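Okay, so here's the structure we're looking at.
There are 2 protein chains.
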Amino acid sequence: MPTPAPEGRAAFAVSERGALLRHAGGPIDLAALDTTGTPGFDGDKAAGERALAELAEPLADLQERLFAEGRSGGRRNVLLVLQGMDTSGKGGTLRSTVGLLDPQGVRITSFKAPTREELAHDFLWRITRALPEVGMVGVFDRSHYEDVLIARVRALAPPEEIERRYEAINAWEAELAAEGTVIIKCFLHISREEQKERLLARLDDPTKHWKFNPGDIDERQLWPAYQEAYEIAIERTSTAVAPWHVVPADRKWYRNLAIATLLDDALRHLDPQWPAADFDVEEQRRRLTDEPSS
Amino acid sequence: MPTPAPEGRAAFAVSERGALLRHAGGPIDLAALDTTGTPGFDGDKAAGERALAELAEPLADLQERLFAEGRSGGRRNVLLVLQGMDTSGKGGTLRSTVGLLDPQGVRITSFKAPTREELAHDFLWRITRALPEVGMVGVFDRSHYEDVLIARVRALAPPEEIERRYEAINAWEAELAAEGTVIIKCFLHISREEQKERLLARLDDPTKHWKFNPGDIDERQLWPAYQEAYEIAIERTSTAVAPWHVVPADRKWYRNLAIATLLDDALRHLDPQWPAADFDVEEQRRRLTDEPSS
């Protein structure tokens, strides 16, 4: 098996588009980043949808190779972390981009408010339990980052505990990467105005009422505090082995294409190979062809 | 919430195709059932693939409604059980049919040989832990039926324990159905000759060697014993609330279409409705439109 990238080195070689989305490190000003942009892609919506469709086959091929490797002694996998404000499109990304993959090789976990049992453990306990098996593409719809986002904004933990968590996350992710997991962290970046439009659209459509919660507006009223919490999290937890990507997400088609590109980057970096047979192919063929006809 | 079908009543109204696939009860002779047939469909492969593609949208709509119901207090879900001999197409069904669904609402569990911990419990322990949450479509790639199939053929448990299991399965499935789960049990029926062709094709293609295990041929040599074990299982565990379906599976396109039809039947039977808002829509709209512009 190829060995994972050594700790401290870049987690994966990126496409031009992936490179543009990747946070280079240091302080970040989300307000200065255009939520309607299409970094690394100069086509329109129709072209973007075609580009996504064209990624389906190479993604499926790479994913199957990774799955095969995992069934044959390989230790590697992929973890895609999706974060963003309400309506930023985590669910849409699961349907449109993660939905391109073979569901056999995908493990999605949607994190809700922690249960009493989960709260009785360290915040990384439930996250660790949800990690994908070898050969799989794991997807976190929300994640351990909620423990430094809503937990910070809503003061759900003492300030010193929040402080501790950034380093705990970095240490945990570094260990994960060293064990063979390629970690793709994405912040789906929408504007406050776009969120308003999307929430109103949910209210206008009775088939979308189930997605709406009055609490979404309470959280929205804390928009600046959330943006600041994201800026701090991105600055403090963008590491060489687990960098953040800021994905402009006002355009759904671009968001889908961007996440697919990052998955493709990660899988191409892993470059999984079809496992060699650990049996004698000719001998097995003879066992089949020599059997008495039934 | 609509209540689930009462125990003892048919689990779900079926389409003509679904009805033809459903085991009516009583003894079954698998050798007499054509593995190349296309019950309830008289088109060719291209027509079958079109028919499958046409099911994608209604399936996605029904699945989203079920998911929404589950997020809004509903207790219902679907469990698809896939069984069949090696190469019968359980993996292909996951990719081509289950892959039509939104992965957010799907939970796939592939059961391998039980671990030491699992063996220390009743055979239904690990199965119960893998049950889908409310609103989800759960899929079992192999299942508790292995405990009366390979366990019977390979004498992995004493005969009286195997005997006990049929009734234990029926009682467990009846309880599950009464709690709101629609259970779809499918035997993917291939011929012995077709399995030989598929195993040889795996040997011929280095990208498929990872799927091949010499033990597959050992199991194949017990073909008649496995067919008998399936016949006994189907006869003894086809109940009104959890009937078996025998799906001719030599033609992959028909197998995919048949399973999609059964999923569609189950979801249409549940007929999930968009949950009503449990908040005042106008009040929430005002909260959004009245907010100071940012």
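Respectively, the protein sequence lines represent chains X and D. According to the working numbering, the first sequence is numbered sequentially starting from -6. According to the working numbering, the second sequence is numbered sequentially starting from -6. Even glycine gets a Cβ: it sits at the ideal position worked out from N, Cα and C. Remember, predicted model here, so these are calculated numbers, not experimental data.
One or two residues paired with residue i in a DSSP bridge
i        : result
X:Asn70  : X:Thr174
X:Asp134 : X:Leu75, X:Ser103
X:His182 : X:Pro241
Coarse secondary structure for residue i, derived from DSSP in three states
i        : result
D:His114 : coil
X:Phe60  : helix
D:Pro199 : helix
D:Leu289 : Any question about residue 289 of chain D goes unanswered here, given that chain D covers just -6 to 287.
X:His238 : strand
D:His262 : helix
D:Arg157 : helix
D:Arg15  : strand
X:Glu139 : helix
D:Gly36  : coil
D:Val7   : coil
X:Gly128 : coil
D:Gln277 : helix
X:Thr108 : coil
X:Arg119 : helix
D:Glu284 : coil
D:Gln188 : helix
D:Gly82  : coil
X:Pro20  : coil
Same chain, Cβ closer than 8 angstroms to residue i, five either side skipped, listed in chain order
i        : result
D:Pro96  : none
X:Ala44  : Phe34, Gly36, Leu250
X:Gly1   : For X:Gly1, the pLDDT reaches just 36, beneath the cut-off of 50, and the residue's location in the model is therefore unreliable, leaving the point undetermined.
X:Ser52  : The amino acid occupying residue 52 of chain X in the given sequence is Leu; Ser does not appear at that position. Closer than 8 angstroms at the Cβ level, and outside the excluded window around X:Leu52, lie Leu93, Leu94, Ala253, Leu256, Asp257, Leu260.
X:Gly128 : Leu59, Phe60, Ala61, Glu62, Gly63, Arg64, Gly67, Arg69, Asn70, Gly98
D:His202 : Arg195, Leu196
CA nearest to the CA of residue i, picked from the options
i        : options                                : result
X:Glu126 : X:Arg147, X:Leu26, X:Arg145, X:Thr102  : X:Thr102
D:Arg213 : D:Ala12, D:Arg157, D:Tyr159, D:Ile143  : D:Ile143
D:Glu42  : D:Glu57, D:Trp246, D:Asp211, D:Ala269  : D:Trp246
X:Arg279 : D:Leu193, D:Tyr159, D:Ile155, D:Arg158 : D:Leu193
X:Asp134 : X:Phe104, X:Ile155, X:Asp115           : X:Phe104
X:Ile155 : X:Pro241, X:Trp165, X:Tyr138           : X:Tyr138
D:Thr90  : D:Leu281, D:Ala270, D:Ala253           : D:Ala253
X:Arg68  : X:His202, X:Ala270, X:Leu124           : X:Leu124
D:Phe205 : X:Glu50, X:Leu48, X:Leu281             : X:Leu281
D:Pro217 : D:Gly173, D:Glu172, D:Val146           : D:Val146
X:Val130 : X:Arg195, X:Phe116, X:Val71            : X:Val71
D:Trp267 : D:Gly11, D:Glu110, D:Leu55             : D:Leu55
D:Gly173 : D:Ala39, D:Glu47, D:Gly66              : D:Gly66
D:Ser231 : D:Ala164, D:Ala49, D:Glu111, D:Gly85   : D:Ala164
D:Pro152 : D:Ile162, D:Ala161, D:Val141           : D:Val141
D:Ala24  : D:Asp283, D:Pro241, D:Arg248           : D:Pro241
D:Lys83  : D:Arg248, D:Ala269, D:Glu284, D:Pro285 : D:Arg248
D:Glu300 : X:Thr108, X:Arg157, X:Thr200           : This structure leaves residue 300 of chain D out entirely; chain D is present only between -6 and 287.
Same chain, Cβ closer than 6 angstroms to residue i, neighbours up to 5 away in sequence not counted
i         : result
X:Ile177  : Leu73, Leu255, Ala259
D:Pro(-5) : Its pLDDT being 41, under 50, D:Pro(-5) is placed unreliably in this model, and the value from its coordinates should be taken loosely. If we look at D:Pro(-5) and ignore the five residues flanking it on each side, it has no Cβ neighbours.
X:Glu9    : Gly33
X:Val132  : Leu73, Val91, Ile101
7 angstroms Cβ shell around residue i - same chain, five flanking residues per side excluded
i        : result
D:Asp243 : Thr28, Thr29, Ile183, Ser184, Glu187
D:Ala150 : Ala144
X:Ile21  : Glu224, Ile227, Glu228
D:Ala289 : Chain D is shown from -6 up to 287; residue 289 of chain D falls before or after that span and cannot be answered.
D:Ser136 : Val74, Gln76, Phe104, Ile120
D:Ala46  : none
Amino acids of chain A, ordered along the chain, whose beta-carbon sits closer than 9 angstroms to that of residue i
i       : result
D:Asp95 : Looking for chain A here will not work: the only protein chains present are X and D.
If you pair each beta-carbon of the stretch 173 to 186 of chain X with each one of the stretch 74 to 91 of chain X, do three or more pairs fall below 8 angstroms?
yes
Tell me, please, whether the stretch 260 to 274 of chain X touches the stretch 116 to 125 of chain X by the rule of three or more beta-carbon pairs shorter than 8 angstroms.
no
Decide yes or no for the touch test of the stretch 256 to 265 of chain X against the stretch 212 to 225 of chain X: beta carbon pairs closer than 8 angstroms, at least 3 of them.
no
Does the structure place the stretch 232 to 243 of chain X close enough to the stretch 5 to 19 of chain X that three or more beta carbon pairs sit under 8 angstroms?
Yes: at least three Cβ pairs fall under 8 angstroms.
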